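Taking it in order: structure first as structure tokens, then the write-up.
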Amino acid sequence: MPALSCLDLERGQLDLHLLPVTTECEDDLALLSGDESARALRFRRTADRVLFIQAHGLLRRVLSCYAVVAPGQWHFVRGPWGKPAVCPQRHPTLQDLRFNLSHCAGRAAVAVAWGREVGVDIERFDALAQPGELALSILGPHEQQGWQQVGPHLRAQQHFLMTHWTLKEAVLKAMGLGLSQIAPHHLEVLHSEDGSGWQARPCVAQAAALRDWSRHGWLHGALEGQTHHWALACERQPGETVSWRLIHHPAPIAPTSTTAPVA
């Protein structure tokens, strides 16, 4: 991991950090708060516990690349729907530093931005073992038209549904919401009219809070190897161009590993 405060990040830029999850998590466990450690120990399955520890350790290490705060010294608060943020009492000068964390079997992802809300989601393809059974509960009316053109191939179906699922999750996380507030089929992600990317829009009146995203929200998603799909979402000012960087962190190979990430 780089030394503290070594990554410059412009206001119109996002950074996405990706980490393969292994079984080595002792160093990350030492960084967690008492509450985080207690949450980790409540996982019964070792794989789930290691995933939680490495993901939250990655978050702390990543944030320390943008501010002179040691990884173990970060303090967080949660918004009304659970989205974490930098604690204003402990870090009053860093309130513009925004982040989001996602993790699933095999990968952890952290998105970072200055002065704009950001959301990230990462998922495994094989989490959708029977995609046809989930299509109606995930996709809105226009998305279902695209689904009808996918065909019977399992991999193609998984790719289509996981692309839409991760984009929707990223949007809702950027807004500080969740699927308990807006059902996935009440939000559609469609290719933008100019073909330059994705556009989110509500398809029911109850999702009116998403209307601004139809005009200004920025979305992007891509494959990570042959097993995962990730998506990013952030606020964008009218006419603004958003750029992003992908930073891969190597898997921990020993409890005391200090290997730097490769961009």
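Residue numbering for the sequence shown follows my numbering, beginning at 195 and increasing consecutively. Backbone N, C-alpha and C define an ideal beta-carbon position, used for all residues, glycine too. In this text, all values refer to a predicted model and were calculated from it rather than measured experimentally.
Residue from the options whose Cα sits closest to the Cα of residue i
i           : options            : result
residue 204 : 251, 283, 291, 262 : 291
residue 220 : 237, 248, 238, 283 : 248
residue 356 : 240, 415, 385      : 415
residue 296 : 350, 250, 237      : 250
residue 383 : 232, 225, 365      : 365
residue 318 : 303, 307, 309      : 303
residue 273 : 345, 369, 380, 342 : 369
residue 310 : 279, 241, 405      : 279
residue 391 : 380, 437, 374, 375 : 437
residue 427 : 305, 239, 201, 223 : 305
residue 256 : 409, 433, 222, 386 : 222
residue 286 : 271, 341, 275      : 271
Neighbour flag for residue i against chain D, beta carbons, 8 Å
i           : result
residue 248 : Absence of chain D from the displayed structure is noted, only one protein chain being present.
Same chain only: Cβ atoms within 8 Å of residue i, ignoring 5 sequence neighbours per side
i           : result
residue 418 : 212, 301, 316, 424
residue 360 : 315, 316, 317, 415, 423, 424, 425
residue 352 : 319, 320, 322, 325
Cβ neighbours of residue i in the same chain (closer than 7 Å, five flanking residues each side left out)
i           : result
residue 335 : 397
Local conformation of residue i per DSSP, three classes
i           : result
residue 213 : strand
residue 424 : strand
residue 449 : The predicted position of residue 449 is uncertain, since its pLDDT is 45 and thus under 50; a value taken from the coordinates is nonetheless stated next. Correct three-state label for residue 449: coil.
residue 256 : helix
residue 378 : helix
residue 203 : coil
residue 231 : helix
residue 455 : Bear in mind that a pLDDT of 40 at residue 455, under 50, signals an unreliable position, so the number given afterwards is only what the model happens to contain. Three-state DSSP puts residue 455 in coil, outside helix and strand.
residue 236 : coil
residue 251 : helix
residue 197 : Any reading at residue 197 is ruled out, since the residue's pLDDT is 47, under 50, leaving its predicted position unreliable.
residue 443 : coil
Sequence-distant residues of its chain with Cβ nearer than 6 Å to residue i (five each side left out)
i           : result
residue 363 : 315
residue 457 : Unreliable positioning characterises residue 457 in this predicted model, as indicated by a pLDDT of 34, which lies under 50. The coordinate reading is nonetheless provided below. Closer than 6 Å at the Cβ level, and outside the excluded window around residue 457, lie 441.
residue 254 : 225, 265, 268
residue 277 : 370
residue 445 : 214, 216
Check: residue i C-beta below 7 Å from any heavy atom of the ligand SAM
i           : result
residue 431 : Summarising the ligand content, the structure contains no ligands, and the ligand SAM is consequently not present.
In DSSP terms, what residue i is bridged to
i           : result
residue 271 : 279
residue 418 : 422
Quick check for students: name the residue ranges of the alpha helix (DSSP H) that lie wholly in the segment 281-349, counting only runs of 4 or more.
325-332, 335-341
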